[in-house]
Amino acid sequence: GLGVALGVDDSKHARAIVGATQVGLGMASLKYGRDAERQSDYYGMKYMHAAGYDTAAAVTLQEKFVALSEGRRSSWLQGLFASHPPSPERVANNRAALAEFPPGGEVGGARYRAHVATLLEDRRAYELADEARANNGQNTTRAMRLIDQAISLQPREALFHGIRGDILATQARHGDAVRAYNAAIELDPDYYAHYLGRGLSRDTLGQPRLARGDLERSNSLLPTHFASYKLGGYALAEGQRVEAKRLFEAASGAYGDLGTAAREAFARLDIRDAPRRYLKVEPAFEDGQVVVEVSNGSGYPLADIVVRVRVEINGESAYRRLSLRRLDSGYYDVMESGIYYRSDDDVKAEALVLEAAPGW
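First residue of the sequence shown? That's -9 in this note's numbering, and the numbers climb one at a time after it.
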């Protein structure tokens, strides 16, 4: 049967998935024509001038983009330039527009530096946190030392406390991990990963009610395959088959072992609910007997198969329930109905799958 909890390796894998999650924007795949780019550059300079900014910066920016595009080492730059390709033509167009929108306005450098001052001051803390995350799993002692340094530099950053919880969980110190996630949630109650991490630790500690609440909160903020899979296990344990199927199906798109486990969990329930999706049956006529050819192309071994066959001979109907103990995926079998006919009889037959069960 399906257990609510996965093994330690699966939990580690899930935490790695959470750490690597990236949310992409569909806008990144859009491409624009040259006319649209020319128009956007023109109006950009027009509104810069109207707002009192130095329009010469528009030229400088395009020059910088052209220089960066020649290397294109960064993946985010590649995505940016896919939708907004820089070119010497755009630089020339912006230079020409300076005649209409003269330079000399505000650049805003001092104001910008004032706004990002805190970020710049915290740069070292974030570098330490990134290094701590990279060391989690390989050297948790070093990872803990690094994240504690980051927290000492910036104790108000929720992400740092969340990383600390991840490291503690990797060390199987789940009680301490819960306390670290508590600190992260207090600072940032709207970030899904803190609830997911706390939910996994609470699950390991044998606190299913609290764990389920955390995972539901995590999924409400950002649905993830792993949270959906775990919640499906909780729903199934409480006899909520429809909800369990919905959650397992939501998790079935995951890669690797998690996706395989979710698809199998869904199939275990769905095979009983809708066996006709997993088996193909066709009546056939062999040596004066009506038989049923049954084939399994589902990808799963199936058991306890029940098929109903209806046979009409010269206008009179007969029914049979036929059983097959097991049929592996990729195989077929022939079920004998025990209903015979003569060569000159008018015979019609149809078959229907009534039942099936998981065969693993």
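For glycine and all other residues, C-beta sits at the position ideal for the given N, C-alpha and C.
Counting C-beta neighbours from all protein chains within 10 Å, is the total for D263 16 or more, i.e. buried, or is it exposed?
exposed
Stretch-stretch touch, CB-based, cutoff 8 Å, three pairs: the region 218 to 226 with the region 199 to 206
yes
Is it true that the CB of A115 sits closer than 8 Å to the CB of L143?
yes
What does the alpha-carbon distance come out to for the pair N286 and A119?
51 Å
E276 - containing beta strand (DSSP E), residue span
269 to 276
What is the residue span of the beta strand (DSSP E) that Y322 lies within?
322 to 330
Per DSSP, what kind of secondary structure is S1 in: helix, strand or coil?
A caution first: S1 carries a pLDDT of 44, below 50, which makes its placement in the model too unreliable to give a value.
As a quick exercise: from P78, D318, L292, A227, pick the residue whose alpha carbon is nearest that of E345.
L292
Would R298 and L342 qualify as a contact pair, given that the criterion is a beta-carbon distance under 8 Å?
yes
Cβ shell of V301 (< 6 Å), same chain only, five flanking positions each side left out
V280, A308, I329, A339
Within 10 angstroms of its Cβ, does H39 collect 16 or more other Cβ (buried), or is it exposed?
buried
Give every residue of the same chain whose Cβ lies closer than 6 Å to the Cβ of M17, excluding the five residues on either side of it in the sequence, and list them in chain order.
Note on M17: pLDDT 38, under 50, position unreliable in the model; the coordinate value appears next. For M17, where only same-chain residues beyond five positions count, there are no Cβ hits under 6 Å.
If you count every other CB in all the chains shown that lies within 10 Å of the CB of V282, and 16 or more means buried, which is it?
buried
Whose CA, out of V168, Y181, L211, D247, lies closest to the CA of Q197?
V168
Nonlocal neighbours in the same chain, by C-beta distance under 7 Å from M325, ignoring five residues either side:
V281, V282, V284, V297, L312, L314
Pairwise C-alpha distance: G305 and D335
10 Å
I need the DSSP call for E283, collapsed to helix, strand or coil.
strand
Taking only the alpha-carbon atoms, compute the straight-line gap between R332 and K270 and give it to the nearest angstrom.
27 Å
In angstroms, rounded to a whole number, what distance separates the CA positions of G249 and Y290?
15 Å
For G155, which of E147, Q139, A174, R146 has the nearest alpha-carbon?
A174
Going by DSSP, what residues sit across from L136 in a beta bridge?
DSSP lists no partner for L136.
Helix, strand or coil for S142? Go by DSSP, reduced to three states.
helix
Please report the Cβ distance between A48 and G34, rounded to the nearest whole angstrom; I am assuming they are in contact, meaning their Cβ atoms lie under 8 Å.
6 Å
CB-CB under 6 Å to T194, same chain, minus the five flanking residues each way: which ones, in chain order?
H164
Can you give the Cα-Cα distance for P145 and A159, rounded to whole angstroms?
20 Å
Confirm the yes/no value for this check: CB of G155, any heavy atom of the ligand SAM, distance under 7 Å.
The ligand SAM is absent from the structure shown, which contains no ligand whatsoever.
If you drop the 5 nearest sequence neighbours on each side, which residues of the same chain put their C-beta closer than 6 Å to that of Y22?
Confidence at Y22 is low in this model, with a pLDDT of 49, below 50, so its placement is unreliable and the value that follows should be read with caution. Contacts found: none.
Does S30 pass the burial test, meaning 16 or more other C-beta atoms within 10 Å, or should it be called exposed?
exposed
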